[in-house]
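Quick notes on the structure that follows.
In our numbering, the protein residues as written are 17 to 264.
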């Protein structure tokens with residue numbers, strides 16, 4: 017599924033889910049259909065709601081993190097059949113992202129909503145279906161989009177504070193941070209599979225504390241990115257920094 021922002025891609029995918037069973041591969045790291053923000057995720061529909069089965073942390077909500085998104089797309093596109101949800105960035109660098117994503121997942125068909133000429137790989141010879149923008153699609157303000165990202169983060173976190181030991185930080189140790197502004201991270205097992213999204217609450221030689229849902233296996237690696245979260249009365253306020261959360 018390719019199309020500009022607020023064209024009706026998510027609604028079309030939900031309509032398909034009423035009629036077919038498929039895996040949902042969500043390549044939009046910001047406005048998620050399934051899974052936490054800052055990830056490429058894979059899930060399935062249970063009734064009308066998508067449930068996340070697996071994700072790869074990219075540490076950004078920016079859809080122009082092209083190499084990380086494309087790499088995660090290739091990693092998570094093993095199960096077929098699947099439908100791919102993409103971000104609304106479809107021109108310039110966004111167009112290059114969409115074309116690279118199509119190639120990475122080896123798509124059989126492209127459905128373009130709200131655009132006549134979708135960005136596809138140069139060698140593309142498979143079917144393209146062009147549909148008009150849905151009249152039922154609602155345009156979202158920047159504030160609404162931010163609120164939806166923070167809701168998705170809150171749903172993924174849980175309320176537990178967990179102490180970790182013997183973990184490796186990737187790509188490097190975290191920078192110093194305060195309780196008012198904390199790094200968002202992913203917890204990975206020994207095989208490198210991301211298991212849970214977390215907020216890093218403390219990281220010093222004596223202890224590593226994270227706020228998250230309890231991961232199913234022992235944590236081997238804490239992955240850092242460019243996402244930060246501040247506690248509020250109702251949850252977490254999410255934001256992205258240009259500088260990473262690790263020490264250069």
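For every residue, glycine included, the Cβ atom is placed at its ideal position computed from N, Cα and C.
It should be emphasised that the depicted structure is a prediction, and the values quoted were computed from it without experimental measurement.
If you look at residue 100, you'll find it isn't in any alpha helix (DSSP H); it sits in the beta strand (DSSP E) that goes 98-101. Residue 106 sits away from residue 29, with the two beta carbons spaced by 8 angstroms or more. Beyond the five residues adjoining it in sequence on each side, residue 131 comes within less than 8 angstroms, by CB distance, of 18, 19, 20, 23, 106, 146 in the same chain, given in chain order. Residue 211 counts as buried, since at least 16 other C-beta atoms from the protein chains shown sit within 10 angstroms of its C-beta.
Out of 41, 53, 38, 49, the CA that lies nearest to the CA of residue 255 is found in 53. Residue 185 and residue 240 do touch by the CB rule: their CB atoms are close to 6 angstroms apart, below 8 angstroms. The alpha-carbon of residue 156 is positioned some 37 angstroms away from that of residue 235. Looking at the DSSP output, residue 135 shares a beta bridge with no other residue. The three-state secondary structure of residue 150, taken from DSSP, is coil.
Where residue 173 is concerned, there is no enclosing beta strand (DSSP E), although the alpha helix (DSSP H) around it starts and stops at 158-173.
Assignment of residue 65 by DSSP, reduced to helix, strand and coil, places it in the strand class. Residue range 252-256 is occupied by the beta strand (DSSP E) that includes residue 252.
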